Amino acid sequence: MDASSAEDLKRSIREIPDWPRKGILFYDVTTLLKQGSYFQQAIDALMEPYKQSRVELVLGIEARGFIFAPTVAYALEAGFVPVRKPGKLPAATFDESYELEYGTDRLEIHRDAIRPGQRVLIVDDLIATGGTARATAALAEKMGAEVVGLSFAVELTALKGREKLGKYNVHSVLKY
Ligand code: AMP
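Residue numbering for the sequence shown follows our numbering, beginning at 930 and increasing consecutively.
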């Protein structure tokens, strides 16, 4: 994506100070999504580096990852697998805990969602500290997946999430 298109997309994302808590600047992508050409450009840019990567499954993380990941999966002609907050998936799961600013959280995936050796791409709306993405990659690897890469619409570079994903191929569309 060229610099001026990236600027347009950035301008389309609404920034909400002190939400959901004081001190957090929330990047609200709903204002990007409602404009068809911006949504399309964001999806194209998310998948661009992985078009020739023979991706078999795209993993999306609840909740905003469920907007971007299935759309990328459709475009790549891959399957979609949901990674969810605890207690939401109906069949047997594997889980992985990760650190939050205060305390820990957990993500779950169905045990039969990935076959060993499958090529997976992880997609989320935004990478901040990288904890969520790292836990998702760990789940995929535990199940024997080959993690082809991780792709994010927004990267908050100051939080250095990318460093937590050192060994993976990490791509982001819009860097702040
Ligand atoms: P992290 O695990 O710190 O990389 O956080 C990433 C997850 O939290 C993503 O699924 C985002 O949707 C959400 N998130 C974290 N920080 C923000 C933010 N400033 N604005 C919007 N979403 C955020």
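Where a beta carbon is used, it is the ideal one built from N, C-alpha and C, also for glycine. Since we're looking at a predicted model, the values are computed, not measured.
Residue i CB to nearest heavy atom of the ligand AMP below 7 Å
{"i": "I990", "result": "yes"}
{"i": "G952", "result": "no"}
{"i": "T1058", "result": "yes"}
{"i": "F997", "result": "no"}
{"i": "T1061", "result": "yes"}
{"i": "L961", "result": "no"}
{"i": "R943", "result": "no"}
{"i": "R993", "result": "yes"}
With 16 other Cβ atoms within 10 Å as the buried cut-off, status of residue i
{"i": "K1093", "result": "buried"}
{"i": "A932", "result": "exposed"}
{"i": "S941", "result": "buried"}
{"i": "I972", "result": "buried"}
{"i": "I945", "result": "exposed"}
{"i": "E928", "result": "The first residue shown for the chain is 930 and the last is 1105, placing residue 928 beyond what the model contains."}
{"i": "S966", "result": "exposed"}
{"i": "A974", "result": "buried"}
{"i": "S1026", "result": "exposed"}
Supposed close pair residue i, residue j - CB separation, criterion 8 Å
{"i": "K939", "j": "L1103", "result": "5 Å"}
{"i": "A1066", "j": "V1052", "result": "Contact doesn't hold; Cβ gap of about 12 Å is too wide."}
- Counting pairs of Cβ atoms below 8 Å between the segment 1082-1096 and the segment 1057-1072, do you hit three or more? The segment 1082-1096, when compared against the segment 1057-1072, does touch it at the 8 Å Cβ threshold.
- Query: Do the segment 1012-1025 and the segment 946-963 make contact, defined as three or more Cβ pairs closer than 8 Å?
  - Reply: Too few Cβ pairs lie closer than 8 Å, so no.
- Could you tell me which uninterrupted beta strand (DSSP E) segments, each at least 3 residues in length, are contained entirely in the segment 1022-1050, listed from first to last along the chain? For the segment 1022-1050, whole beta strand (DSSP E) runs of length 3 or above, ordered along the chain, are 1022-1028 and 1033-1039.
- Where in the segment 981-1014 do unbroken runs of the beta strand (DSSP E), each at least 3 residues long, occur, reported from the N-terminal end onward? As far as the segment 981-1014 is concerned, its whole beta strand (DSSP E) runs of at least 3 residues are 986-990 and 1008-1012.
- Message: For the segment 1025-1032 against the segment 1002-1011, do three or more pairs of beta-carbon atoms, one drawn from each stretch, fall closer than 8 Å, so that the two count as touching?
- Response: Three or more beta-carbon pairs separated by less than 8 Å are not found between the segment 1025-1032 and the segment 1002-1011, which leaves the two stretches without contact.
- Query: Touch check for the segment 972-991 and the segment 948-958: three-plus C-beta pairs under 8 Å?
  - Reply: Not touching, per the Cβ criterion.
- Query: Which runs of the alpha helix (DSSP H) fall wholly inside the segment 941-977 and span at least 4 residues, in chain order?
  - Reply: Whole alpha helix (DSSP H) segments, 4+ residues: 959-962 and 965-976.
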